[in-house]
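Take a look at the structure set out below.
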Amino acid sequence: MKTRLCPLLAALMLTGCGASGASGLPETEPLEPLSAPAVVTEGRTPEEDYQLPTQVVGLRDWMGNSRWNLDPVGLLSQLPDQEVALYGVTKYSGSTALLRWGDALAEFDWSFGGPQVVEPRLQCWDADGDGQEEVVLINLLGSGTGVSIEELHIVEKNQDGTLTDHCFPETLWRDALSGQLSVVTAEDRTYAVLGRELVDLTDVLAAENIAPGAVQGLTTGSQASFSAWPHEKEPGGSLRFQGAVMLEGEDIPYYWYAADLSASVSYQDGGFTLSEIHLDSVPES
């Protein structure tokens, strides 16, 4: 049976307890929010005078049609009320995307697909609470064994009508968040630690015949997903990140994930912040 220490219970046990406390659990410190500037890309004038379709097609259908050059441009999603539309464009060297927002039309190097075909999610709302709407796009960058990476884009319309993309930086969840993870052993138990939250990995390691000493570290691996929705009572709406904790070590199976991550995402002044970051056990299967 896969049993782990509930993060809330661990936090309660750790109150006022140091590394040599009665519980035997390691000393921890609160985790502060993590911030980084967005990856900024200016939308460029489309390279060609594309014929833009008016009927939405599924991502899989567009990918199939474009493979045979039957329909290189596909309308993947649209928001008629906000006059927003997202198009995929197939080219000889790969693919790009077109974003139409009112009279503005810009081309971006956004990718869609991978082995797992997931439709891009397109929304339009005031994501930073500044009184102006932004286009919010979530697209699957890549997928495969142990890999599922989504991108979060927030596009602003400038006064001159051009479009600027602010992409959630991969370094924030892959590097900065990984740097806050640690693995410790206390009273013959092995824990994943993030801030004041712990997940007990002991039984999982035993079930997979992994020696506790084989776990040399923890990272976020290659798992990142996002969700976004507006909220009338919450300025800026709600943006969420979900990820996973991967075991590292020479004798660890490839892409071995042992815990879940979640956090609130905020976008402000061209930057992103992860806060309310939580570590949790993987649900029983």
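Take 7 as the starting number for the sequence shown in this note's numbering and just add one per residue.
Backbone N, C-alpha and C define an ideal beta-carbon position, used for all residues, glycine too.
No experiment lies behind these values; they were computed from the predicted model shown.
Beta-carbon proximity of residue i to residue j, cut-off 8 angstroms
| i | j | result |
| --- | --- | --- |
| residue 65 | residue 123 | yes |
| residue 151 | residue 162 | no |
| residue 112 | residue 185 | no |
| residue 60 | residue 110 | no |
| residue 202 | residue 34 | yes |
| residue 107 | residue 90 | yes |
| residue 104 | residue 95 | yes |
| residue 210 | residue 264 | yes |
| residue 253 | residue 200 | no |
| residue 129 | residue 234 | yes |
| residue 101 | residue 92 | no |
| residue 131 | residue 236 | yes |
| residue 114 | residue 278 | no |
Closest Cα partner of residue i within the set the options
| i | options | result |
| --- | --- | --- |
| residue 216 | 177, 54, 145 and 257 | 257 |
| residue 280 | 182, 171, 145 and 191 | 182 |
| residue 283 | 192, 259 and 178 | 178 |
| residue 149 | 255, 229, 67 and 262 | 229 |
| residue 275 | 42, 87 and 156 | 42 |
| residue 160 | 116, 69 and 102 | 116 |
| residue 222 | 198, 212, 51 and 206 | 198 |
| residue 188 | 158, 225, 164 and 218 | 225 |
| residue 248 | 255, 267, 236 and 259 | 267 |
| residue 244 | 218, 134 and 85 | 134 |
| residue 207 | 158, 174 and 288 | 288 |
| residue 255 | 277, 220, 232 and 271 | 220 |
Cβ-based burial, residue i [other Cβ within 10 Å; buried from 16]
| i | result |
| --- | --- |
| residue 28 | Residue confidence for residue 28 is low, a pLDDT of 37 falling below 50, so the modelled location carries little weight; the figure read from the coordinates is stated next. Flag for residue 28 reads exposed. |
| residue 57 | exposed |
| residue 46 | exposed |
| residue 172 | buried |
| residue 164 | exposed |
| residue 156 | buried |
| residue 269 | buried |
| residue 250 | buried |
| residue 227 | buried |
| residue 140 | buried |
| residue 259 | exposed |
| residue 39 | exposed |
is_contact[residue i, chain B] using C-beta, thresh 8 angstroms
| i | result |
| --- | --- |
| residue 207 | Here chain B cannot be found, since the structure has a single protein chain. |
Counterpart residues of residue i in DSSP-defined beta bridges
| i | result |
| --- | --- |
| residue 44 | According to DSSP, which records beta bridges pairwise, residue 44 is partnered with nothing at all. |
| residue 145 | 157 |
Curious, which full-length beta strand (DSSP E) runs of at least 3 residues does the stretch 213-253 contain? 223-225 and 228-235
List in chain order: all unbroken beta strand (DSSP E) runs of 3+ residues lying wholly within the stretch 94-122. 100-107 and 110-114
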